[in-house]
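Encoded as structure tokens, the structure appears first; notes follow it.
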């Protein structure tokens, strides 16, 4: 089971490394091709336009800021936040990888210890049937794993492994969302934007229920009074 | 080799009388003779049909045969859209069901039967609205969460906020994996060895596939509810400590003065008897009883010995207090 999982782990690890290399290469190309100059120029132009606008109108209304989302006007540009998320995602994955190998090692060591104990038992004990033999093996192995799964060392590794994997998943998703949310060509809502909508719907449902209860109580009071 | 039996859980006929987005209230068809209805509140981490798994082990069938009026709350299969539900929404729905049944049957109070985490919700609800509960039945009730079993140790050592932030909900598959890895040798390896050993035993195969179907039919837990469940119950042990709050009101176990029946299992790895007994001692009711099964958390419902010994006694206890 661990070996099969190791292959999946390795494949995903390779994918992430390729992605990281892709980013590094892309940025180095941008640097060489003067993409940064293009960006700097557009920022300069925007600042100039902004100054002119302020001079023209004095006070600036909030909606005017919409004109200055220059970053979003260039598709495929990654915002600082997106880069922060992908970098945190890579770091969390690396920590998860280390934890996973510690976890695997703990499992292997425990299994080895259990097998050693079983072999020693089997040397002195006679088994009447295969079931007896298998049950003895399961009991000894289960005893060792019971101890491991509650040990401080295991709890620490499991907690860290879980926490880092969840961080990786979250930051990777947020990276993709940042890239999409800031891309004017993207017509879709992201998971985080949908979550916000779900949150508001749930809050509204709660308020409606509360109102329904109040209406019911008022109706009951009216019946009693009548 | 015998053919693998078809798995179609659920024996007793029912109709949904309330359908509210995710939550539902089911009413089992019967001709009840006893006045006080029984409302079953199952855990939100598994499916409630374990109480009606198949003909031989259906607790609900036994209740209907005893002429009880049986209702059941179905917490459904939460989706991403349900991420922001809270534990208080679950308690609100219990209240909605109790009110509905009270009005429909013209009774002041009902029998509330909680199972596993449904017991925890039932204890909270009953302590808030004791006047609406005539009898309280608590099956494998996790109320004191400071236990030394592996699952509780794991729960105390995880960060549920990170899981909810990454996955939205605590998925059924993830929860299932945790439950299996708590005892990997017996639950992942040993179990299938027993299957191989019993390939020609039709009864064994039937029970095995029905159980396996139920085990892997795990709903997700809404993200917010999962965070509350782990932090408020496992990390802070708010229920037994009397600090759990519902809509500004604190839980008060001293309100459990109605007849209380507690069903516990000796080999329960989720709610070990050593955590149930101190809670049972604290229940102030003068009419309280505990029945102990020699099985585990689920065996308490579906095992042959529980079906023969525990349930006839438990149902008699309910019937005796239902008129």
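Protein chains in written order, with the working numbering: chain U, 1 to 226; chain W, 1 to 323.
Even glycine gets a Cβ: it sits at the ideal position worked out from N, Cα and C.
Just so it is clear, the structure is predicted and the values come from calculations on it, not from any experiment.
Proximity to residue i [Cα-Cα], best of the options
i             : options                       : result
residue 124/U : 136/U, 205/U and 113/U        : 136/U
residue 247/W : 314/W, 124/W, 46/W and 227/W  : 124/W
residue 254/W : 281/W, 237/W and 274/W        : 281/W
residue 113/W : 287/W, 261/W, 276/W and 266/W : 261/W
residue 313/W : 296/W, 292/W and 323/W        : 292/W
residue 22/W  : 235/W, 6/W, 298/W and 73/W    : 73/W
residue 283/W : 90/W, 252/W, 150/W and 18/W   : 252/W
residue 139/W : 274/W, 263/W and 40/W         : 263/W
residue 66/W  : 81/W, 80/W and 30/W           : 30/W
residue 141/W : 126/W, 287/W and 115/W        : 115/W
residue 287/W : 46/W, 77/W, 318/W and 295/W   : 318/W
residue 176/U : 141/U, 14/U, 105/U and 84/U   : 84/U
residue 277/W : 10/W, 296/W, 6/W and 143/W    : 143/W
residue 40/W  : 110/W, 11/W and 103/W         : 110/W
residue 198/U : 69/W, 121/W and 222/W         : 222/W
residue 242/W : 6/W, 120/W and 43/W           : 120/W
residue 133/U : 121/U, 23/U and 143/U         : 121/U
residue 11/W  : 32/W, 18/W and 64/W           : 64/W
residue 61/W  : 315/W, 321/W and 323/W        : 315/W
residue 19/U  : 162/U, 181/U and 172/U        : 172/U
residue 14/U  : 107/U, 149/U and 90/U         : 90/U
residue 102/W : 79/W, 295/W, 309/W and 38/W   : 38/W
residue 161/U : 78/U, 147/U and 95/U          : 95/U
residue 81/W  : 222/U, 196/U, 16/U and 81/U   : 196/U
residue 180/U : 22/U, 21/U and 82/U           : 82/U
residue 250/W : 181/W, 128/W, 160/W and 162/W : 128/W
residue 311/W : 25/W, 16/W, 51/W and 8/W      : 51/W
residue 110/U : 213/U, 224/U, 142/U and 168/U : 142/U
residue 148/U : 183/U, 107/U, 88/U and 163/U  : 107/U
residue 188/W : 138/U, 213/U, 152/U and 226/U : 138/U
residue 12/U  : 119/U, 165/U, 79/U and 25/U   : 165/U
residue 320/W : 259/W, 297/W and 290/W        : 259/W
In DSSP terms, what residue i is bridged to
i             : result
residue 113/W : 40/W and 137/W
residue 15/W  : 27/W
residue 71/W  : 27/W and 39/W
residue 293/W : 265/W
residue 288/W : 260/W
residue 20/W  : 23/W
residue 81/W  : Residue 81/W is not bridged to any residue.
residue 170/W : 221/W
Legend entry - Segment contact, 8 angstroms Cβ cut-off, at least three pairs: the region 80–93 of chain W with the region 196–205 of chain U: Short answer: they touch.
Inset, instruction - Could you name the residues of the region 71–100 of chain W whose beta carbon sits closer than 8 angstroms to any beta carbon of chain U, in the order they occur along the chain? - result: Answer set for the region 71–100 of chain W: 80, 81, 82, 83, 84, 85, 89 and 92.
Inset, instruction - With 8 angstroms as the C-beta to C-beta threshold (strictly closer), list the residues of the region 177–200 of chain W near chain U in chain order. - result: Here the close residues are 181, 182, 183, 184, 185, 186, 189, 190, 193 and 197.
Legend entry - Meets three-Cβ-pair contact criterion under 8 angstroms: the region 53–66 of chain W and the region 211–221 of chain U: Taking 8 angstroms as the limit for Cβ pairs, the verdict is that the region 211–221 of chain U does not touch the region 53–66 of chain W.
Inset, instruction - Determine, using beta-carbon pairs with one atom in the region 158–167 of chain W and one in the region 297–308 of chain W, whether at least three such pairs fall under 8 angstroms. - result: With a cut-off of 8 angstroms, the region 297–308 of chain W and the region 158–167 of chain W do not count as touching, because too few Cβ pairs lie within range.
Legend entry - chain W contacts made by the region 164–178 of chain U, where a contact means CB separation under 7 angstroms: The region 164–178 of chain U vs chain W, Cβ under 7 angstroms: 166, 167, 169 and 170.
Inset, instruction - Could you tell me whether the region 125–136 of chain W touches the region 94–113 of chain W, using the rule of 3 or more Cβ pairs below 8 angstroms? - result: With the cut-off at 8 angstroms, the region 125–136 of chain W and the region 94–113 of chain W touch.
Inset, instruction - Check distances from the C-beta atoms of the region 118–152 of chain W to those of chain U and list, in chain order, the residues that come in under 7 angstroms. - result: Identification of residues in the region 118–152 of chain W having a C-beta nearer than 7 angstroms to some C-beta of chain U yields 150, given in sequence order.
Legend entry - Start-end ranges of the beta strand (DSSP E) lying completely within the region 188–257 of chain W, minimum 3 residues: Listed in chain order, there is nothing to give.
Legend entry - chain U contacts made by the region 154–172 of chain W, where a contact means CB separation under 8 angstroms: The region 154–172 of chain W vs chain U, Cβ under 8 angstroms: 154, 157, 158, 159, 162, 163, 165, 166, 167 and 168.
Legend entry - Where the region 203–219 of chain U meets chain W: residues whose CB sits under 8 angstroms from a CB there: Residues 203, 205, 206 and 209.
Inset, instruction - At 3 residues or longer, and completely inside the region 117–167 of chain W: list those beta strand (DSSP E) runs for me, N to C. - result: DSSP runs (the beta strand (DSSP E)) wholly in the region 117–167 of chain W: 133–139.
Inset, instruction - Determine, using beta-carbon pairs with one atom in the region 196–207 of chain W and one in the region 144–159 of chain U, whether at least three such pairs fall under 8 angstroms. - result: No, because fewer than three Cβ pairs between the region 196–207 of chain W and the region 144–159 of chain U fall closer than 8 angstroms, the two stretches do not touch.
Legend entry - Stretch pair the region 183–191 of chain U + the region 100–109 of chain U: three plus CB contacts closer than 8 angstroms: Taking one beta carbon from each stretch, the region 183–191 of chain U and the region 100–109 of chain U have fewer than 3 pairs nearer than 8 angstroms; the two do not touch.
Inset, instruction - Take every Cβ of the region 143–151 of chain W, pair it with every Cβ of the region 106–120 of chain U, and state whether three or more of those distances are shorter than 8 angstroms. - result: In the pairwise beta carbon analysis, the region 143–151 of chain W is classified as not touching the region 106–120 of chain U: fewer than three pairs are separated by under 8 angstroms.
Inset, instruction - Spell out a yes or no on whether the region 265–276 of chain W and the region 169–177 of chain W are touching, meaning 3 or more CB-CB pairs, one atom from each, closer than 8 angstroms. - result: Flag = no, the region 265–276 of chain W and the region 169–177 of chain W do not touch.
Inset, instruction - Could you pull out every unbroken alpha helix (DSSP H) segment of at least 4 residues lying fully inside the region 104–167 of chain U, listed in chain order? - result: Entirely contained in the region 104–167 of chain U, the alpha helix (DSSP H) runs reaching 4 residues are, in chain order, 130–149.
Inset, instruction - With 7 angstroms as the limit, tell me which residues of the region 105–139 of chain U have their beta carbon closer than that to any beta carbon of chain W; keep them in chain order. - result: Correct list: 131, 134 and 138.
Inset, instruction - Quick one: which residues of the region 142–155 of chain U get their C-beta closer than 8 angstroms to a C-beta of chain W? List them in chain order. - result: Residues of the region 142–155 of chain U with a Cβ closer than 8 angstroms to any Cβ of chain W, in chain order: 142, 145, 146, 149, 150 and 155.
Inset, instruction - Return the residues of the region 184–205 of chain U that lie within a Cβ-Cβ distance of less than 8 angstroms from chain W, sorted by chain order. - result: Only those residues of the region 184–205 of chain U whose C-beta falls short of 8 angstroms from the nearest C-beta of chain W are listed: 191, 194, 195, 198, 199, 201, 202, 203 and 205.
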